[in-house]
Each structure stands twice: as structure tokens, then as C-alpha cells.
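Counting from 1, position 180 in the sequence shown corresponds to residue 180 in this note's numbering; the numbering is continuous, with no gaps.
Shown next, in C-alpha cells, is the structure this report addresses.
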Amino acid sequence: RPSPLAPTMAAMPPQAISALKMFVSQLQASPAMIHEPSLGFFRDYLTSLGATLPEKPAPKPAPAAEAPPAADNPMPDAAQKSPPAAARAAPVEDSDDEMPDLEMPEIVINDPETVDLSTLDDTPSAPMGDATKELSEEAFEAQATAKGAAMEAMSAGDFAKALETYNHAVELGAPSALLYANRANCFLKMGKLNSAIRDCDAALAVNPDSAKALKIRGRTYRKMGDWEHAAHDLQKANAIDFDEDTFEVEKLVEGYWNQIRERKLKIEAADRERAVKEEKKEKARRRAQAQAEYRAQQAAQDDDPMGDMGGGMGGLEGLLNSLGPEAREKMKDPKVMAKLQALGAQMKSNPMAAMQAMSDPDLAPIFGAFMGGADGEGGPPPPGGMPGGMP
Numbered sequence: 001r002p003s004p005l006a007p008t009m010a011a012m013p014p015q016a017i018s019a020l021k022m023f024v025s026q027l028q029a030s031p032a033m034i035h036e037p038s039l040g041f042f043r044d045y046l047t048s049l050g051a052t053l054p055e056k057p058a059p060k061p062a063p064a065a066e067a068p069p070a071a072d073n074p075m076p077d078a079a080q081k082s083p084p085a086a087a088r089a090a091p092v093e094d095s096d097d098e099m100p101d102l103e104m105p106e107i108v109i110n111d112p113e114t115v116d117l118s119t120l121d122d123t124p125s126a127p128m129g130d131a132t133k134e135l136s137e138e139a140f141e142a143q144a145t146a147k148g149a150a151m152e153a154m155s156a157g158d159f160a161k162a163l164e165t166y167n168h169a170v171e172l173g174a175p176s177a178l179l180y181a182n183r184a185n186c187f188l189k190m191g192k193l194n195s196a197i198r199d200c201d202a203a204l205a206v207n208p209d210s211a212k213a214l215k216i217r218g219r220t221y222r223k224m225g226d227w228e229h230a231a232h233d234l235q236k237a238n239a240i241d242f243d244e245d246t247f248e249v250e251k252l253v254e255g256y257w258n259q260i261r262e263r264k265l266k267i268e269a270a271d272r273e274r275a276v277k278e279e280k281k282e283k284a285r286r287r288a289q290a291q292a293e294y295r296a297q298q299a300a301q302d303d304d305p306m307g308d309m310g311g312g313m314g315g316l317e318g319l320l321n322s323l324g325p326e327a328r329e330k331m332k333d334p335k336v337m338a339k340l341q342a343l344g345a346q347m348k349s350n351p352m353a354a355m356q357a358m359s360d361p362d363l364a365p366i367f368g369a370f371m372g373g374a375d376g377e378g379g380p381p382p383p384g385g386m387p388g389g390m391p
């Protein structure tokens, strides 16, 4: 409790206490402000109390003379204002190492066995028989006889008679993989390539390891110019039942397929590389656009006086909600808003402008609301700083 002999001191008015609180808050946020020339008296007072002052900031270097803009640089000053908010990112230039279109001419294979498929007149219509039918002894003997007759006709080069006999053997039922493969060979000799493929497929459905069906289908694919499938079938057939004739055809077909496959792999690699470059370019474009939009937003905030009021209109709404009724009413007054905006601009160059504004009866209630009034029980300053851009 103070001594009764101590001299009495008049109480400070609430506005002065609010101003002092604000001044101390500014000093805490910007300690270097204590070295302002106008605060020399306060520095002397603090020093007399034994206080340690923060170091005086080094003087800023004089700005360099502005160089004339280069012909290809319309914005010589990196710090000058960005384009308005409507501005968009400049297009991203293609890099110097842009991958040119890969010139890969089509591989033309001149194989004497290949036929023109556009002239192929072959709609498979031969009977396929009933694979589930059980042959009687009589039917089994009849089928064996038909097979023998068909083989004789094939040896004589009478492919039409051989086909007719093979069809009869198939219709008797339970056709084997070998029977299908033999008829497929007849179709191949007759140039009925689609029918040959169908019979080979049927044979391999019965026996997936039918070397004869694989060899005939591989040779048929060769005639159709399908080098990939021809190479696959002939390789598999020779792995099951090797013979020199099939091996010679296999080497020829593999040579064709390797040329086509090498070209295909190069195109796929080029497509992948092009996709990676396109993705990088798209990322660079989006990054440039985001930077341009950010700069435009910053420029718009600089041009918008409401930007100094705690983040524009969104910040202003939060600002009003944090004030008391009297301060809210003041903030709705255009004249008060104009004063706050002007104060925000002044404080960018003169931090002490807020102290001077405390005597303004229009602004004093607002500052008092932020500082909690004379009793100091108000809330903290709103997000984005004090009115007018104060820290």
C-alpha cells in the first residue's frame, strides 16, 4: 500500500493509457523504431533507468541508378507493380531441347509368300464336327478310311477332293487335333487362309501342344503378313518338334518381326519421352500461371485501400465482429474509414502516426476497443494487424 506521505499523482486518462499500450506494442513488434529521431527524449529516459537499447539498424544503401530497359525486357525494375488482376501467365516457351518428331518410316516387307488380304475371298464354312460324339467301331473305321483317302488326294495335288474327304471324316464326329491340322494344311494349299486359321485354332483347343497345328498356323500367318504371330507360333512349334524346314521359315519371319519390333519400341520410347516433356512443360505453365495470379493479387491488394484493413473485405468483416457496438458503428462511417485508410498509408513511412491519431475522437473508440480500453481487458488485435495496417 502506498505511504501516506508519498506525493499523490493524477490518474492518466484512459485514452492516454490506450495510446501508451499501443506505443509499447509497436516497440515490441519493431524494436528498431526506438531510434526514430523524434523519440530521442524517450531513449534518454530509458538509458537513465539503466535500460539496454537495441542496436541501431545500419543505414540502407542508396538505390542504384535505374538501368535503361533492354529491348527484350519491358519490365526493367523487378520490384515494379505486377499487371492487374486480370493478367494471366505468359505462355511457357518451348525449351531448346524440345524433342523433334521422330521420323520412323513404315517397315515394308517384300516377302514372296505374302498375299494381298484385300483380294482374299474366304469365309470359313467347313463343318467342324461334334467333338463330344463317341465313335462306334464302324464309324471309327470309316473315319480312318476317309483320312487315308484325303492324304492320297493331297499327295496327288487334288486339294478339292482332299477337302471333301476331310470334311466327311470331321462330320463322322470326335475329330482329333491331327485331323483338324491336316485339313488346315489343305486349306493353306488352297489359299483359304481364314479357314486354315480356324482349323488350327480348333486343333490347339483339343491339344495345345499340337506342333503340326502351330507350324501350319505360323506359315498361314506368314502369308497374311502377321509377322509377330507367325514368329511366335513357329518358335513354339520348333521347341516342341524341331525340323529344318520350319526353322528356316522361323528365321526369316523373326528377321521381319525384329525390324518391326525395333521400330515399335523406338516409337514407344519416343512417346514416353515426349509425354514426360509435356508433363514438365505443363507443370511449368501452371507454376508460371500461379505466380502471375499471385502477383496480380498482390497488385490488386496494393491498389485496393481496403487491403490495409486486415486483409481486404474479408478481414474487415472479421474486424467489425471483433469490436464493440460503438466501434462497429464508427467503422461503418465512410469518414472514419477514410481516416483509417489514410492512417494505414501514413504508418508505412511514419510508425508514430498512430500515436498522433489517438487524439482523434472518431478513431479513439476504435483504438480503445483493440487495446481493451483503460482497464486492459479487451481481446488481442484482430488477425492482419491493427486498423490501417498497424502491426
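Each residue gets a CB set at the ideal place from its N, CA and C atoms; glycine is no exception.
- Query: What's the C-alpha gap between Lys281 and Tyr294?
  - Reply: Distance between the alpha carbons of Lys281 and Tyr294: 20 Å.
- Do the region 149–160 and the region 112–122 meet, that is, are 3 or more Cβ pairs less than 8 Å apart? Verdict: no, contact absent.
- If you draw a straight line from the C-alpha of Gln346 to the C-alpha of Pro325, how long is it? When rounded, the distance between both Cα atoms is 27 Å.
- Status (buried if at least 16 other CB within 10 Å, exposed otherwise) for Val24: Exposed, since its Cβ has fewer than 16 Cβ neighbours within 10 Å.
- Residues near Phe140 by beta carbon distance below 6 Å, same chain, minus five either side: A distance below 6 Å between beta-carbons, with the five flanking residues on each side excluded, links Phe140 to no residue of its chain.
- Segment limits, alpha helix (DSSP H) that includes His232: Counting along the chain, His232 sits inside the alpha helix (DSSP H) bounded by residues 227–240.
- Count the other CB atoms within 10 Å of the CB of Pro365; is the residue buried (16 or more) or exposed (fewer)? Pro365 is classed as buried because its beta carbon has at least 16 other beta carbons within 10 Å across all chains shown.
- Query: Can you tell me whether DSSP reads Ala153 as helix, strand or coil?
  - Reply: It is helical.
- Message: So, does the region 265–273 touch the region 230–243, judging by three or more C-beta pairs under 8 Å?
- Response: Contact between the region 265–273 and the region 230–243 is absent, because fewer than three Cβ pairs lie under 8 Å.
- Query: Exposed or buried, Ser38, counting other C-beta atoms within 10 Å across all chains shown (16 or more means buried)?
  - Reply: It counts as exposed.
- Along the chain, where does the alpha helix (DSSP H) that runs through Asp360 open and close? No alpha helix (DSSP H) contains Asp360, which DSSP labels as neither H nor E.
- Query: For the alpha helix (DSSP H) that contains Leu46, what are its first and last residues?
  - Reply: Counting along the chain, Leu46 sits inside the alpha helix (DSSP H) bounded by residues 40–48.
- Message: Taking the straight line between their C-alpha atoms, what separation do you get for Gln289 and Tyr256?
- Response: If you take the alpha carbons of Gln289 and Tyr256, they lie about 49 Å apart.
- Decide if Gln26 is buried, meaning its Cβ has at least 16 other Cβ atoms within 10 Å, or exposed. Classification for Gln26: buried.
- Item | Local Cβ density within 10 Å of Pro110, reported as buried at 16 or more and exposed below that | It is Asn, not Pro, that sits at residue 110 in the sequence shown. Exposed is the label assigned to Asn110, since fewer than 16 other Cβ atoms lie within 10 Å of its Cβ.
- Message: Cutting at 7 Å between CB atoms, please list the residues of its own chain near Asn238, excluding the five before and the five after it.
- Response: Annotation for Asn238: Thr246, Phe247, Glu250 place their beta carbon closer than 7 Å to its own, counting only its chain and skipping 5 residues before and after.
- Counted within 10 angstroms of its Cβ, other Cβ atoms place Ser349 as buried (16 or more) or exposed: Flag for Ser349 reads exposed.
- Message: Just verifying my parser: in three-state terms, what is the DSSP assignment at Gly129?
- Response: Here Gly129 sits in coil by DSSP.
- Query: Are the CB atoms of Ala150 and Ala126 nearer to each other than 8 Å?
  - Reply: No. Outside cutoff.
- Task: Let me know the secondary structure DSSP gives Met352 once reduced to three states.
- Result: Met352 sits in coil when the DSSP states are folded into three classes, being neither helix nor strand.
- Cβ pair count under 8 Å reaching 3, the region 207–222 against the region 128–142: Not touching, per the Cβ criterion.
- Between Leu193 and Asp121, is the Cβ-Cβ spacing less than 8 Å? Contact: no.
- Three-state secondary structure (DSSP) of Thr246: Thr246: helix per DSSP, three-state reduction.
- According to the neighbour-count rule (16 or more other Cβ atoms, all chains shown, within 10 Å of its Cβ), is Asn185 buried or exposed? Flag for Asn185 reads buried.
- Item | Rounded C-alpha distance that separates Phe367 from Gln298 | Approximately 27 Å between the Cα atoms of the pair.
- With a threshold of 16 other CB atoms inside 10 Å of the CB of Ser118, please say whether the residue is buried or exposed. With fewer than 16 Cβ atoms within 10 Å of its Cβ, Ser118 is classed as exposed.
- Task: Using three-state DSSP, classify Ala67 as helix, strand or coil.
- Result: In this predicted model, Ala67 has a pLDDT of only 45, less than 50, meaning its place in the structure is not dependable; the value taken from the coordinates is given anyway. It is coil, neither helix nor strand.
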